[in-house]
Every structure is written in structure tokens, then in C-alpha cells.
Amino acid sequence: MPYTVQGVVARGKGEPVSLETVIVPDPGPGEAVVTVQACGVCHTDLHYREGGINDEFPFLLGHEAAGVVEAVGEGVTEVAPGDFVILNWRAVCGDCRACLRGRPWYCFNTHNATQKMTLEDGTPLSPALGIGAFIEKTLVAAGQCTKVDPLAPARVAGLLGCGVMAGIGAAINTGGVTRGDSVAVIGCGGVGDAAILGARLAGASKIIAVDVDDRKLGWAKDFGATHTVNSRTADVVETVRELTGGNGADVVIEAVGRPETYKQAFYARDLAGTVVLVGVPTPDMTLELPLLDVFGRGGALKSSWYGDCLPSRDFPMLIDLYRQGRLDLDRFVSETIGIGDVEDAFAKMHRGEVLRSVVVL
72 MPYTVQGVVA
82 RGKGEPVSLE
92 TVIVPDPGPG
102 EAVVTVQACG
112 VCHTDLHYRE
122 GGINDEFPFL
132 LGHEAAGVVE
142 AVGEGVTEVA
152 PGDFVILNWR
162 AVCGDCRACL
172 RGRPWYCFNT
182 HNATQKMTLE
192 DGTPLSPALG
202 IGAFIEKTLV
212 AAGQCTKVDP
222 LAPARVAGLL
232 GCGVMAGIGA
242 AINTGGVTRG
252 DSVAVIGCGG
262 VGDAAILGAR
272 LAGASKIIAV
282 DVDDRKLGWA
292 KDFGATHTVN
302 SRTADVVETV
312 RELTGGNGAD
322 VVIEAVGRPE
332 TYKQAFYARD
342 LAGTVVLVGV
352 PTPDMTLELP
362 LLDVFGRGGA
372 LKSSWYGDCL
382 PSRDFPMLID
392 LYRQGRLDLD
402 RFVSETIGIG
412 DVEDAFAKMH
422 RGEVLRSVVV
432 L
């Protein structure tokens with residue numbers, strides 16, 4: 072029998088979200104229904120509400136989630152009812168050219184559930200990032216469920232489903248930060264702070280946090296930044312170079328997604344250093360750089376998709392580090408809220424008052 076539950080829906084561009092009755096079908100072949108226990112409020116959900124992703128309204132928002140598998144469809148072997156899982160939005164296919172070359176974190180054919188969740192009148196919903204987790208139960212592809220240690224609290228485990236994984240992965244997987252490296256992170260929201268945490272975990276000797284907000288720079292120090300730069304009052308490139316012996320950082324992670332901050336990242340890195348773009352730009356943005364500088368400075372200019380993570384590999388490992396007290400995920404949770412409080416959480420996020428609000432169901 073289909074499930075009748077409550078979920079947070081964005082009906083139109085810029086409109087306040089509403090709590091609606093949603094019909095969740097029984098899982099079909101390759102699908103799973105998950106009882107959501109907690110879901111972080113991510114900027115991407117706000118982008119969906121504002122029409123910044125696409126115009127396939129109405130959207131079922133929420134995607135940074137953890138919960139328990141309720142039921143699975145035919146042919147599902149990865150998970151079983153009762154498993155505690157983190158939801159991911161890049162369920163690898165195993166068959167595309169990236170997967171067959173042993174690089175499944177670049178999978179070019181990730182998949183979602185085939186069936187649609189709907190409103191009571193039958194209107195199909197577009198789930199955010201193929202998940203839709205501001206809801207009591209959600210339907211996903213079974214490959215979007217990653218089984219982890221059930222002793223981890225859902226309020227922190229779910230954060231690995233998007234922003235925290237993106238930041239940690241940008242530092243470790245994409246940027247290749249290792250012991251002794253100098254690292255600069257531009258933009259100290261949730262993703263940037265996760266990149267700082269990842270750089271610290273990898274053994275970076277110097278971690279420079281850059282932002283326009285002193286409160287966020289304070290948060291960055293809590294996550295392991297050794298130096299901070301307020302770009303409203305200091306020249307980012309000059310200051311990063313001064314802090315690194317005049318050379319620039321070995322790895323610069325741009326967690327804003329704007330041309331001006333990308334240029335800062337490009338020129339704040341050392342010769343043959345690495346720039347990692349993990350901030351998400353809007354479709355209208357363009358970048359202009361002297362080609363001679365791109366050639367002459369060498370190194371690598373990389374984009375980080377979801378922290379270049381492989382959920383089946385990375386989620387359990389990071390949860391284990393959390394359980395060992397080596398990865399402070401609790402610090403990301405600014406507040407826990409109810410499912411009816413998402414609109415207020417968006418307002419707090421816009422004002423920069425929270426790192427992460429987490430809906431607990």
C-alpha cells in the first residue's frame with residue numbers, strides 16, 4: 072500500500088514552502104522507501120525554491136538526510152529493511168565509461184527512483200537532487216542508500232549526504248591535501264568549514280580561512296583554521312602569500328562559486344599549486360583569465376563534484392572517524408528544528424545566522 076505522509080513542498084518560484092500531504096508509492100524494482108529521521112537544511116534547497124536549479128515545480132525539498140530503510144523493491148540487494156542509511160544523490164551505475172575505468176566517483180549515469188511521489192491530487196513532485204527528504208518517508212533508488220554504523224546520530228550522519236562530504240572531499244579527494252601542505256579556503260559556510268576540517272584531518276600544516284564575515288571566520292577557527300582573513304579589509308592574494316612565505320598556498324579551495332573569488336583562488340596558490348572549485352556558480356557567470364597566466368603558473372585547476380566521493384567507500388569511513396572522536400560533525404549542527412520550520416531556517420541561513428539547521432522527524 073502507498074504511504075500517505077507529510078512533506079515540505081515548494082510550489083512556485085520564490086514562494087514560501089508549505090507542508091503538504093504526499094503520496095509515496097511502494098518501492099518498485101531497484102527502489103527503496105526510507106523513513107527519514109533527520110535532514111539538514113542546505114543552500115541547494117533554497118536554490119530549488121528560488122528557481123535557481125530548474126523550473127520543474129512543485130519540488131519536494133530536502134536531500135541531506137539519514138534514516139532507516141522501510142521497504143525495498145524487487146532485485147534490491149544493497150540494503151534491507153531496518154538498515155540505517157545515509158542518502159546520497161549520486162548513485163553510481165557501474166556500467167558507464169567512468170565506472171568501467173575504475174573511477175565511479177565520476178559516474179556519468181547516476182540514477183534515481185523511477186516512480187514519482189505525488190501530491191494528493193496526483194501532481195508529480197520533483198524531489199530535490201533526486202531525494203526529497205523533508206518528509207516522513209521518501210522513495211529513492213536503492214543505490215542512493217549507503218549503510219553506515221547505526222550508533223551515529225541521524226542529525227549528524229545525514230550531513231555527509233551533501234555539504235559536509237562536498238567540503239571534506241574537495242580537500243582530500245579532489246585537492247589531494249596531505250601532511251605539511253598549506254591550504255587556503257575561500258568561503259566559510261558549511262562546505263568551506265568542511266573543507267577546513269578535511270584539510271586538518273589530512274595533516275595540513277597551515278589552513279587559512281577567508282570570508283567577509285567575522286562570525287564565520289570564528290567558526291572556521293573552531294574547525295581547524297590556523298589563520299583567518301577578512302576579505303572586506305585585507306587583500307586576499309597578498310595576505311595568503313604573506314602567510315606562506317611569499318609563495319601562495321599549495322591548495323586553494325574556492326567554496327563560494329563566483330568569478331571574483333575564483334580569481335583570488337587562482338592567484339593565491341603557489342606555482343604548480345592546485346585550485347579546487349567546489350562552490351556552485353550560477354548559469355550566467357563567466358570567467359576571464361590571461362591564458363599566459365594559466366600556462367605559466369602550472370599546477371591544476373579542478374572542479375569537485377560532490378567532493379569526488381564514492382558514498383559506499385567514504386560515508387562508512389567518515390562515520391567511523393566520527394565514532395572515534397576524530398571528526399567533529401556535531402559542530403556543524405547549529406540547531407535542530409521541526410518539519411514545519413524550514414521556511415524560518417531558510418531566513419536564518421540567508422542572514423548567515425546558522426551553519427546548519429537540521430530537521431529532526
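Under this note's numbering, the first residue of the sequence shown carries the number 72, and numbering increases by one thereafter. Positions of the beta carbon are idealized from the N, C-alpha and C atoms, including for glycine.
Asked: How about Arg-172 and Phe-179: are their beta carbons less than 8 Å apart?; Found: no
Asked: For Gln-77, which of helix, strand or coil comes out of DSSP?; Found: strand
Asked: In the DSSP assignment, find the beta strand (DSSP E) that holds Ser-428 and state where it starts and stops.; Found: 428-431
Asked: Quick check on Cys-216: does DSSP put it in helix, strand or coil?; Found: strand
Asked: Quick one: what does DSSP say Ala-343 is sitting in, helix, strand or coil?; Found: strand
Asked: With a CB to CB cut of under 6 Å and the five nearest residues on each side skipped, what residues in its chain are close to Arg-161?; Found: Thr-181 and Tyr-377
Asked: Under the DSSP definition of a beta bridge, which residues are partnered with Lys-373?; Found: Val-347
Asked: Is it buried or exposed for Arg-152, if we count other Cβ within 10 angstroms and need 16 for buried?; Found: Position check: residue 152 holds Pro in this sequence, whereas Arg was assumed. Flag for Pro-152 reads exposed.
Asked: Here's the rule: buried if 16 or more other CB atoms are within 10 angstroms of the residue's CB, otherwise exposed. What is Val-163?; Found: buried
Asked: By Cβ distance, which residues of its chain are closer than 6 Å to Lys-419, with the 5 residues on each side in sequence left out?; Found: Val-425
Asked: Given a cut-off of 8 Å, decide if Gly-146 and Gly-85 are closer than it, judged by their beta-carbon atoms.; Found: no
Asked: Output the residue ranges of the alpha helix (DSSP H) runs that lie fully inside the stretch 96-134 and measure 4 residues or longer, sorted by chain position.; Found: 114-120
Asked: Which same chain residues end up closer than 7 Å to Val-308 when comparing Cβ atoms and leaving out the 5 residues on each side of it in sequence?; Found: Gln-335, Tyr-338 and Ala-339
Asked: List the residues that DSSP assigns as beta-bridge partners of Asn-301.; Found: Asp-282
Asked: So, for Ser-383: in the same chain, excluding its five sequence neighbours on each side, which residues have a beta-carbon less than 7 Å away from its beta-carbon?; Found: Thr-217
Asked: Ends of the beta strand (DSSP E) at Ala-320?; Found: 320-325
Asked: Of the residues Thr-310, Asn-159, Glu-325 and Glu-191, which one's Cα is nearest the Cα of Pro-387?; Found: Asn-159
Asked: Starting from the Cα of Asp-321, find the closest Cα among Leu-389, Val-346, Thr-332 and Gly-328 and give me that residue.; Found: Val-346
Asked: Using the C-alpha atoms, what's the distance from Gln-77 back to Thr-106?; Found: 12 Å
Asked: With distances taken between CB atoms, is the gap from Ala-199 to Tyr-119 smaller than 8 Å?; Found: yes
Asked: Quick one: is Gln-395 buried, meaning 16 or more other Cβ sit within 10 Å of its Cβ, or exposed?; Found: exposed
Asked: Please look up how many angstroms separate the CB atoms of Ala-136 and Ile-202, rounded, as I've assumed it's under 8 Å.; Found: 7 Å
Asked: Can you give the Cα-Cα distance for Trp-176 and His-114, rounded to whole angstroms?; Found: 23 Å
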